[in-house]
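> Here you go, one structure.
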Amino acid sequence: MNRTCLALFALAVAFTVQADTGELSQSYEQVALFPADRSLVRPEDGVMLTDGTLLIADQAHGLVALDPTGAKRPFGDFAAAGYVHEPPERSAGPNGVAMEPDGIHALVADILTGAIYRINTETEQVVRIHQHEFGANSARRDSSGAVWFSQSTRNRAGPDSEARMFAAVDEGPLDGALFRLPPPADGSTESVAELKLSGLTFGNGVAIDEARGQIYVAETMADRIVGYRMSLADGSLSEGRVVAELPSPDNIELDEAGRLWVASPIANALLVVDPDSGAWSTAFYPETAEHRQVMIEWQRRGQTGESRLAVMGPDMWAPLPGLFTGLILTHEGGPIYLTGLGDTLVKLEASE
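So for the sequence shown, the numbering used here puts the first residue at 3; every next one is plus one.
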């Protein structure tokens with residue numbers, strides 16, 4: 003069994019999940035569900051604006067805004083940009099949400115339709131800047147104006163898109179990818195996506211660290227994050243490496259210190275990675291005996307080739323409100339919000 007599996011299923015037996023490379027972050031504890039009325043619809047990811055407003059992916063509207071009291075309203079006219087959520091024939095799946103370097107615009111990638119939307123957070127104008135052939139998981143703009151986005155699998159828009167996406171979680175095909183839209187991808191001209199990486203095992207979260215000249219991509223079903231040296235000038239990638247081996251990385255966020263914060267849905271944990279050394283530790287894990295048993299069964303089924311989707315259920319994510327897929331970092335020392343496939347966010351604060 004490789005180091006990744008050992009780490010993952012030591013975690014299944016006793017999830018102190020402190021990697022053997024030392025402490026990287028302090029622990030956090032759950033303090034609230036936000037909003038308390040649990041009125042969100044698949045809040046997979048989100049960002050915080052400078053005034054404290056949270057913009058959250060919402061399947062019904064595209065994006066919703068939550069003010070500091072938890073009051074909710076639709077944000078932006080997604081329908082005018084072609085957004086349609088009429089299940090089961092035309093289901094949308096707003097997934098990765100990321101601020102652009104200008105601090106004004108945000109990007110939303112749709113994992114079920116392949117649409118990538120750009121939102122002006124001051125005017126709430128929404129523009130669809132790209133339509134990918136398959137679902138788009140996470141999108142990030144770099145300072146050159148290029149947009150990088152991940153493809154998890156080859157799921158086309160339509161009634162079977164979500165089932166095809168979850169089948170990739172179960173089967174682990176090597177059809178994930180990373181693409182680049184050359185600048186300007188702002189709606190004024192049509193950009194053609196350039197394939198930069200292929201053969202990914204469920205390509206997921208993307209993070210860009212321009213100070214280090216690095217781009218990071220999570221491969222959820224390969225239990226790893228990969229990194230490449232990135233040229234802003236032409237988008238070329240080089241010096242590829244495995245940054246860290248850790249359980250089921252989903253959405254990833256870069257903090258001011260250059261560390262990666264990682265949502266791990268299968269492990270039901272918030273992890274922190276030093277991308278220079280590969281060391282990682284656990285910032286939050288609501289340990290339960292039921293989850294440990296699910297993890298053991300997940301591994302057993304993976305080794306025998308049995309379907310693992312059947313073990314996905316409340317025991318995998320309890321006491322959280324749903325499968326945990328992302329996070330929102332606020333100012334240093336401030337709260338962290340966990341996002342996911344439930345109906346509300348989980349607010350965390352640093353433990354004393």
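No residue lacks a Cβ here, since even glycine has one placed at the ideal position from N, Cα and C. Quick caveat, the model's predicted, so the values are computed rather than measured.
Relative to the C-alpha of residue 238, which residue among 197, 79, 308 and 219 is closest?
Ranking the options by Cα distance to residue 238, first place goes to 197.
> Restricting to runs no shorter than 3 residues, where is the beta strand (DSSP E) found entirely within the stretch 307–349?
Listed in chain order, they are 326–331 and 338–342.
> Keeping to the same chain, check which residues put their C-beta closer than 7 Å to that of residue 356; ignore five residues upstream and five downstream.
For residue 356 there is no data in the structure shown, the boundaries of the chain being 3 and 354.
> Look up residue 93 in the DSSP assignment and say whether it is helix, strand or coil.
DSSP places residue 93 in coil when its eight states are reduced to three.
> Specify the secondary structure class of residue 222 as computed by DSSP and reduced to three states.
Helix at residue 222.
> Out of 154, 114, 104 and 48, which has the shortest C-alpha to C-alpha gap to residue 161?
Closest by alpha carbon: 114.
> Below 8 Å on the Cβ atoms is my guess for residue 270 versus residue 319; work out the distance and round it to an integer in Å.
So it is a contact: roughly 6 Å between Cβ atoms.
> Looking at the unbroken alpha helix (DSSP H) that takes in residue 286, where does it start and where does it end?
Where residue 286 is concerned, there is no enclosing alpha helix (DSSP H), although the beta strand (DSSP E) it sits in stretches over 282–286.
> Report yes or no: do three or more beta-carbon pairs, one from the stretch 277–293 and one from the stretch 304–311, lie closer than 8 Å?
Cβ pair count under 8 Å is below three, so no.
> Does the distance from the C-beta atom of residue 218 to that of residue 229 stay below 8 Å?
Contact flag set, yes.
> Using a Cβ-Cβ cutoff of less than 6 Å, which residues in the same chain neighbour residue 23 once the five nearest sequence positions on both sides are dropped?
Only weak support exists for where residue 23 lies, its pLDDT of 44 falling under 50; the value from the coordinates is given anyway. Closer than 6 Å at the Cβ level, and outside the excluded window around residue 23, lie 281.
> Using a 10 Å radius around the Cβ and a threshold of 16 neighbouring Cβ atoms, would you call residue 120 buried or exposed?
Classification for residue 120: buried.
> Closest to residue 44 by CA distance: which of 327, 336 and 332 is it?
It is 327 whose Cα lies nearest to the Cα of residue 44.
> Which residue wins for smallest C-alpha separation from residue 132, given the options 222, 173 and 181?
Checked all of 222, 173 and 181; the closest Cα to residue 132 is 181.
> Identify the continuous alpha helix (DSSP H) that holds residue 162 and give its terminal residues.
Residue 162 -> no alpha helix (DSSP H), and no H or E assigned at all.
> Secondary structure at residue 171, three-state DSSP: helix, strand or coil?
Helix.
> Grab me the residues of residue 95's own chain with a C-beta within less than 6 Å of its C-beta, minus the 5 sequence neighbours each way, in chain order.
112, 113 and 114, listed in sequence order.
> Which two residues bound the contiguous beta strand (DSSP E) that contains residue 357?
Any answer about residue 357 is impossible in this case: the structure gives the chain only from 3 up to 354.
> Do you know whose CA, among 154, 347 and 128, lies nearest residue 136's CA?
Of the listed residues, the one whose Cα sits closest to residue 136 is 154.
> Does DSSP classify residue 295 as helix, strand or coil?
Reduced to three states, the DSSP call for residue 295 is helix.
> Rounded to the nearest angstrom, how far is the Cβ of residue 330 from that of residue 49, given a contact under 8 Å?
Confirmed, Cβ separation roughly 6 Å.
> For residue 29 versus residue 93, is the C-beta distance shorter than 8 Å?
Contact flag unset, no.
> Are the CB atoms of residue 206 and residue 224 nearer to each other than 8 Å?
No, the Cβ-Cβ distance between residue 206 and residue 224 is not below 8 Å.
> Out of 59, 104, 72 and 284, which one is the CA nearest neighbour of residue 87?
Cα-wise, what sits closest to residue 87 is 59.
> Check whether the Cβ atoms of residue 47 and residue 346 lie closer than 8 Å to each other.
Not closer than 8 Å, so no.
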